[in-house]
Amino acid sequence: MRASLAVASLLFAALFTGCGGGGGSAATPSLPTPDPATTVTVYYLRVTPEYDGWGLHLWGDAIAANVTTTWSSPRLPNRVENGAAVFEVPVTNEAGNLNFIAHNGDLKSPIHDLGIVPRDFGNEVWIVQDEVASANGIIGTPFASESAALAALSALGDKSAGLDLAPVVVNDVDLGLPAAWVDSAAFIEIYVRGYQDSDGDGIGDFQGLISRLDYLESLGVTGIWLMPITESADNDHGYAVEDYRAVETDFGSMTDFELLLAEAHARDIAIIID
Numbered sequence: 084m085r086a087s088l089a090v091a092s093l094l095f096a097a098l099f100t101g102c103g104g105g106g107g108s109a110a111t112p113s114l115p116t117p118d119p120a121t122t123v124t125v126y127y128l129r130v131t132p133e134y135d136g137w138g139l140h141l142w143g144d145a146i147a148a149n150v151t152t153t154w155s156s157p158r159l160p161n162r163v164e165n166g167a168a169v170f171e172v173p174v175t176n177e178a179g180n181l182n183f184i185a186h187n188g189d190l191k192s193p194i195h196d197l198g199i200v201p202r203d204f205g206n207e208v209w210i211v212q213d214e215v216a217s218a219n220g221i222i223g224t225p226f227a228s229e230s231a232a233l234a235a236l237s238a239l240g241d242k243s244a245g246l247d248l249a250p251v252v253v254n255d256v257d258l259g260l261p262a263a264w265v266d267s268a269a270f271i272e273i274y275v276r277g278y279q280d281s282d283g284d285g286i287g288d289f290q291g292l293i294s295r296l297d298y299l300e301s302l303g304v305t306g307i308w309l310m311p312i313t314e315s316a317d318n319d320h321g322y323a324v325e326d327y328r329a330v331e332t333d334f335g336s337m338t339d340f341e342l343l344l345a346e347a348h349a350r351d352i353a354i355i356i357d
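Per the numbering used here: the sequence shown = residues 84 to 357.
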């Protein structure tokens, strides 16, 4: 009888200890549940808040493979709220690159490829029709706040207010070319971006064109018709001119362009700008 009571007491003590009771060690705490993926909220604003067909093309190492889109199947808005299309984009790597393009079929607006690093930029992004906060070539930075985005949206259609309409002073009208050069001129049309790259960045530039002037002269070229070389929003063929007083920075500086003119004229080659 005493033996039975002793065994029962031992079993009870073992059970009590295993349940975290007095005298026993504390139960092992459960591991915390991992935080869900960060969500970056992308707002897209258009002057006319109609978003049928508009979506985001998404890519980059900030998002999972199943969030990446194809061009023909963009991510559609989760909702339209206060005049903006709202996209909730799950991010798995906040230190990675989140890249996106707002488009409707092949129509892009803005025309830039946009990108952020969520850890640095934040989890709220504002895209505005035809506008970016800043740009470097075809790469644009979206707006970081609603107020900045709304200001950019309200300024659309009023670009002329910022134009410099001051007279342009022509310092020298003597090109140094023979008076009758045009009677027998032999022209070549050149697209600077696609002609000759001088620095290995994959973009043709003024210095590259300068390096080919001797060759063009040997062909008998006496005139070069340049496709647009002014600062442009599309960074393609250059017809979306942003500033007639500035050259496209992808091609070089104004000093580079002036050197191109001087070197061409030294070879009796005229330059005409589209």
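Each residue gets a CB set at the ideal place from its N, CA and C atoms; glycine is no exception.
Checklist entry - What's the C-alpha gap between ASP135 and PHE289? => result Their Cα atoms are separated by approximately 43 Å.
task: Just confirm the distance between the C-beta atoms of VAL408 and THR124, as a whole number of angstroms; I'd bet it's less than 8 Å.
output: Past the boundaries of the shown model lies residue 408; the chain is included only from 84 to 357, so the question cannot be answered.
Identity of the residue in TYR327, THR305 and VAL304 nearest SER315 by Cα
Here the closest residue by C-alpha is TYR327.
Discussion item. Considering only DSSP beta bridges, list what THR153 is partnered with.
Written reply: SER156, per the DSSP bridge assignment.
Reference ALA353, options LEU128, GLY303 and VAL324, closest by Cα: The shortest Cα separation from ALA353 among LEU128, GLY303 and VAL324 belongs to GLY303.
Exercise. Hey, THR152 and HIS140: beta-carbon distance below 9 Å or not?
Worked result: Yes; because the gap between Cβ atoms is below 9 Å, this pair is in contact.
Exercise. With ALA167 and TYR126 assumed to form a contact (beta carbons below 8 Å), what rounded beta-carbon distance in angstroms separates them?
Worked result: 4 Å between Cβ atoms; contact.
LEU190 - partner residues in DSSP beta bridges: Answer by DSSP bridge pairing, in chain order: ASN187.
* **CB-CB length for THR332 against VAL324, believed under 8 Å** => THR332 to VAL324, Cβ: 14 Å. No contact.
For ASP144, which option in SER281, LEU181, GLY188 and PRO311 has the closest C-alpha, if you only look at C-alpha atoms?
When each option's Cα is compared against that of ASP144, the closest is LEU181.
Q. Of the choices ASN165, GLY138, ILE194 and GLY306, whose alpha-carbon is the least far from that of LEU159?
A. The shortest Cα separation from LEU159 among ASN165, GLY138, ILE194 and GLY306 belongs to GLY138.
By Cβ distance below 8 Å, which residues in the same chain neighbour VAL251 in space, the five residues on each side in sequence not counted? Around VAL251: ARG328.
Subject >> DSSP state of ASP118 mapped onto helix, strand, coil >> reply: Model confidence at ASP118 stands at a pLDDT of 46, short of 50, so the residue's coordinates are unreliable and nothing is read from them.
### Task
Please report the residue range of the alpha helix (DSSP H) in which TYR322 lies.
Element bounds for TYR322: n/a, residue is neither H nor E.
Check: Along the chain, where does the beta strand (DSSP E) that runs through ARG350 open and close?
Finding: Counting along the chain, ARG350 falls outside any beta strand (DSSP E), and DSSP gives it neither H nor E.
Going by beta-carbon coordinates alone, are LEU248 and VAL275 separated by less than 9 Å? Not a contact, by the Cβ cut-off of 9 Å.
ask   = DSSP on SER301, reduced to helix/strand/coil?
value = If DSSP states are grouped into helix, strand and coil, SER301 belongs with the helices.
Open item on the list: In the DSSP output, which residue or residues are listed as bridge partners for LEU197?
Closed with: Bridge partners of LEU197: PHE183 and GLY223.
Over the uninterrupted alpha helix (DSSP H) stretch that includes GLU229, give me the two end residues. Annotation for GLU229: the continuous alpha helix (DSSP H) segment containing it runs 229–238.
Taking DSSP's pairing of strands, which residues face THR313 in a bridge?
Partner(s): VAL330.
Pair within 9 Å by beta-carbon distance, PHE334 and GLY285: Result no, Cβ atoms of PHE334 and GLY285 do not sit closer than 9 Å.
Ordered along the chain, which non-local residues of its own chain (more than five positions away) have a Cβ less than 6 Å from that of ALA147?
So the list reads THR175, once near-sequence residues are dropped.
Quick one: measure Cβ to Cβ for GLN212 and LEU190, integer angstroms, because I've assumed they're closer than 8 Å. Contact flag wrong, Cβ pair sits at about 11 Å.
Practice prompt. Pull up the DSSP beta-bridge partners for GLU164, would you.
Written response: ALA167, per the DSSP bridge assignment.
For GLU214, name the three-state secondary structure that DSSP assigns.
Residue state, collapsed to three classes: strand.
For a test of the three-state rule: what should DSSP assign to TRP308, helix, strand or coil? TRP308: strand per DSSP, three-state reduction.
Problem set entry | Residue range of the alpha helix (DSSP H) that includes GLY291 | 289–293 is the extent of the alpha helix (DSSP H) around GLY291.
Quiz item: Could you give the distance in angstroms between the alpha-carbon of ILE199 and the alpha-carbon of ALA347?
Solution: Spanning the two alpha carbons is a distance of roughly 42 Å.
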